[in-house]
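Peer 1:
Protein chains: 2
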Amino acid sequence: MARIGILIDEMFEDSEYEKPAAAFKEAGHELTHLGVEKKLVKGVKTGLPVKVEKKAGEVSAEDFDAIFIPGGYSPDHLRSHDEVVAFVKQFAGTDRPVFFICHGAQLLITAGVLRGRKVTGWKSIIQDIKNAGAEYLDREVVEDGNFISSRFPSDIPAFIKACLSKLKRGA
Amino acid sequence: MARIGILIDEMFEDSEYEKPAAAFKEAGHELTHLGVEKKLVKGVKTGLPVKVEKKAGEVSAEDFDAIFIPGGYSPDHLRSHDEVVAFVKQFAGTDRPVFFICHGAQLLITAGVLRGRKVTGWKSIIQDIKNAGAEYLDREVVEDGNFISSRFPSDIPAFIKACLSKLKRGA
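Protein chains in written order, with our numbering: chain A, 6 to 176; chain B, 6 to 176.
1. Does the beta carbon of I114 of chain A sit closer than 9 angstroms to a beta carbon anywhere in chain B?
2. Taking Cβ-Cβ distances below 7 angstroms as the criterion, which residues of the region 131-144 of chain A are in contact with chain B?
3. Give a yes or no on whether the C-beta atoms belonging to L39 of chain A and R84 of chain A are separated by under 9 angstroms.
4. For chain B, is any of its Cβ atoms less than 9 angstroms away from the one on S85 of chain A?
5. Look at the alpha carbon of K24 of chain A and the alpha carbon of I161 of chain A, and state the distance between them as a whole number of angstroms.
6. Bridge partners of D149 of chain B, per DSSP?
7. What beta strand (DSSP E) runs, 3 residues minimum, are completely inside the region 43-92 of chain A?
8. Let me confirm a value: R174 of chain A is counted as buried when at least 16 other C-beta atoms fall within 10 Å, else exposed. Which label applies?
9. Taking the alpha carbon of A139 of chain A as the point to measure from, which residue in A:A32, A:I114, A:H86 has its own alpha carbon closest?
10. Tell me which residues share the same chain as P80 of chain A and place their Cβ nearer than 7 angstroms to its Cβ, disregarding the 5 neighbours each side in the sequence.
11. I'd like to know whether the C-beta of D19 of chain A is nearer than 9 angstroms to at least one C-beta of chain B.
12. Going by DSSP in three states, F17 of chain A sits in which element: helix, strand or coil?
13. Counting only beta-carbon separations shorter than 9 angstroms, does S159 of chain A have a partner in chain B?
14. Helix, strand or coil for G175 of chain B? Go by DSSP, reduced to three states.
15. With a cut-off of 9 angstroms, does the C-beta of Q111 of chain B fall near any C-beta of chain A?
16. Would you call S20 of chain A buried or exposed, if buried means 16 or more other Cβ atoms sit within 10 Å of its Cβ?
17. Can you tell me the Cα-Cα spacing of S154 of chain B and H34 of chain A, whole angstroms?
18. How would you label T125 of chain B, buried or exposed, when you count the other beta carbons within 10 angstroms and need 16 or more for buried?
19. May I ask you to list, following chain order, the residues of the region 61-92 of chain B that have a beta carbon less than 8 angstroms from some beta carbon of chain A?
20. Looking at the structure shown, is H34 of chain B part of a helix, part of a strand, or coil, going by DSSP?
21. Starting from F12 of chain B and walking both ways along the beta strand (DSSP E), at which residues does that stretch end?
22. So who's on the other strand from K123 of chain B, going by DSSP bridges?
23. Nearest chain B C-beta to A176 of chain A closer than 9 angstroms, yes or no?
24. Give every residue of the same chain whose Cβ lies closer than 7 angstroms to the Cβ of E88 of chain B, excluding the five residues on either side of it in the sequence, and list them in chain order.
25. So K128 of chain A contacts chain B; which residues on that side make the cut at Cβ distance below 7 angstroms?
26. Which residues does DSSP pair with F104 of chain B in a beta bridge?
27. Helix, strand or coil, according to DSSP, for G98 of chain A in the structure here?
28. Whole angstroms are fine: how far does the CA of S129 of chain B sit from the CA of I165 of chain A?
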């Protein structure tokens, strides 16, 4: 069982959160929703409500075995908060898994942790990923060390499979 | 009178479009709304409707004396369309004015035209601006050659003043 911190804010991409979160829970992992404030945030497409249980500024990398960053506009909101960026930077510096999809890489760019890494993401942020010093790959799942990334909703099944496999091998 | 092309898509920041556009029109300039498809797009805050009159892929830099890129999520949408990026790249390569605010710089990053330029923008994209080779300045208006940029809605009055002054000096 792994303790997974999910970084989430308003206007997350509903399916990119909901499907992986359900699969992680089904596999017995413990989910904690982390954000800016302890409040209800909603998905951009269906308005799916998610309760932010802890402020990212009040947790430590040691509290989690993995983190997961769903896409949509949520990563853009999260990365304008210094304490969220600081937590992500601290966590990404460990060897523990960092899962992200779509716009999720935006938060890692602001945290300054993509240099030299192989990652994928949504088309609009490809140039940002490259400018951050990462190698962009147009694949449904890219795994590079502790980073597992995918591009968009139709990659979700492959993304879930890769994340669960990584957690099974030892988070 | 200048011919101003406004690059706009769904979920633009209402006031960042509406106020400058009204001021440009009031000053006698001619506005053409450019986007991905000829359709109605809406603002993210108030649902303000704007009609996209021409596809960015069907116009040329020669058709305009200036371009304006409002913020919100519109620039993120626009930059996932190659023909929009190509038009912006072509236009930015001229000496004619490029006005952008908030997330507007995202479109210029994907067009690869920010290297060596002084610009400003919304907090969440500061690292992207720097990684694109630009110098980020935390000021209400930054003017560098043909580029005039601002950070967020409260900068709008200063932004409008700088843009109108630039047009007056000869677009």
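Where is the CB? At the ideal position from N, CA and C, for every residue including glycine. None of the values given here were measured: they were computed from a predicted structure.
Peer 2: The structure says:
1. Within the first sequence, residue 114 of chain A is the residue found at index 109, counting from 1. Yes, contact with chain B.
2. Residues passing the 7 angstroms Cβ filter: Q132, D133, N136, A137.
3. Taking the first residue of the first sequence as 1, we reach residue 39 of chain A at position 34. Taking the first residue of the first sequence as 1, we reach residue 84 of chain A at position 79. Not closer than 9 angstroms, so no.
4. Taking the first residue of the first sequence as position 1, residue 85 of chain A is located at position 80. Closer than 9 angstroms: yes.
5. As a working mapping, residue 24 of chain A is identified with position 19 in the first sequence. As a working mapping, residue 161 of chain A is identified with position 156 in the first sequence. Approximately 7 angstroms between the Cα atoms of the pair.
6. As a position in the second sequence, residue 149 of chain B is number 144, starting the count at 1. Its beta-bridge partners are B:F152.
7. Complete beta strand (DSSP E) runs here, min 3: 45-47, 54-56, 71-74.
8. Reading the first sequence from its first residue, position 169 is the one you call residue 174 of chain A. Per the 10 Å Cβ criterion, exposed.
9. Translated into the one-based positions of the first sequence, residue 139 of chain A becomes position 134. The shortest C-alpha separation from A139 of chain A is found at A:I114.
10. Walking along the first sequence from the start, residue 80 of chain A turns up at place 75. When the five nearest sequence neighbours on each side are left out, the beta carbons in the same chain lying within less than 7 angstroms of the beta carbon of P80 of chain A are those of I74, H108, G109, Q111, L112, in order along the chain.
11. By one-based count along the first sequence, residue 19 of chain A stands at place 14. No, its Cβ sits nowhere closer than 9 angstroms to a Cβ of chain B.
12. On the first sequence, residue 17 of chain A is found 12 positions in, with the first residue counted as 1. Correct three-state label for F17 of chain A: strand.
13. For the purposes of this step, residue 159 of chain A is taken as the residue at position 154 of the first sequence. Not one chain B Cβ lies under 9 angstroms of S159 of chain A.
14. The residue given as residue 175 of chain B occupies position 170 in the second sequence. When DSSP states are grouped into helix, strand and coil, G175 of chain B belongs to the coil group.
15. Position 106 of the second sequence holds residue 111 of chain B. Yes, Q111 of chain B lies at the interface with chain A (some Cβ there is under 9 angstroms from its Cβ).
16. On the first sequence, residue 20 of chain A is found 15 positions in, with the first residue counted as 1. With 16 or more neighbouring CB atoms inside 10 Å of its own CB, S20 of chain A falls in the buried class.
17. Taking the first residue of the second sequence as position 1, residue 154 of chain B is located at position 149. Taking the first residue of the first sequence as position 1, residue 34 of chain A is located at position 29. The alpha-carbon of S154 of chain B is positioned some 46 angstroms away from that of H34 of chain A.
18. Taking the second sequence and counting its residues from 1, the one referred to as residue 125 of chain B is at position 120. Buried, since its Cβ has 16 or more Cβ neighbours within 10 Å.
19. Listed in sequence order: Y78, D81, H82, R84, S85.
20. Residue numbering aside, residue 34 of chain B sits at position 29 when the second sequence is read from its first letter. Looking at H34 of chain B - three-state DSSP - the assignment turns out to be coil, as it is neither helix nor strand.
21. As a first step, residue 12 of chain B must be located in the second sequence, where it is residue number 7. Residue identity differs from the one stated: residue 12 of chain B is Leu in this sequence, not Phe. Per DSSP, L12 of chain B is one residue of the beta strand (DSSP E) stretching across 8-12.
22. Position 118 of the second sequence, counting from 1, holds the residue named residue 123 of chain B. The secondary-structure analysis by DSSP pairs K123 of chain B across a beta bridge with B:E140.
23. Working through the first sequence from its first residue, we reach residue 176 of chain A at position 171. With a pLDDT of 49 at A176 of chain A, under the threshold of 50, the predicted position of this residue should be treated as unreliable, and no value is reported.
24. In the second sequence, counting from the first residue as 1, residue 88 of chain B sits at position 83. For E88 of chain B, the CB contacts under 7 angstroms within the same chain, skipping 5 residues up- and downstream, are A61, G62 in chain order.
25. Position 123 of the first sequence, counted from the start, is the residue given in the question as residue 128 of chain A. Those are S85, listed as they occur along chain B.
26. Along the second sequence, read from residue 1 onward, the residue named residue 104 of chain B stands at position 99. DSSP output for F104 of chain B lists B:F73, B:I153 as bridge partner(s).
27. Here residue 98 of chain A refers to the residue found at position 93 when the first sequence is read from its first residue. G98 of chain A falls in the coil class under three-state DSSP.
28. Residue numbering aside, residue 165 of chain A sits at position 160 when the first sequence is read from its first letter. Residue numbering aside, residue 129 of chain B sits at position 124 when the second sequence is read from its first letter. A straight line joining the alpha-carbon of I165 of chain A with that of S129 of chain B spans about 28 angstroms.
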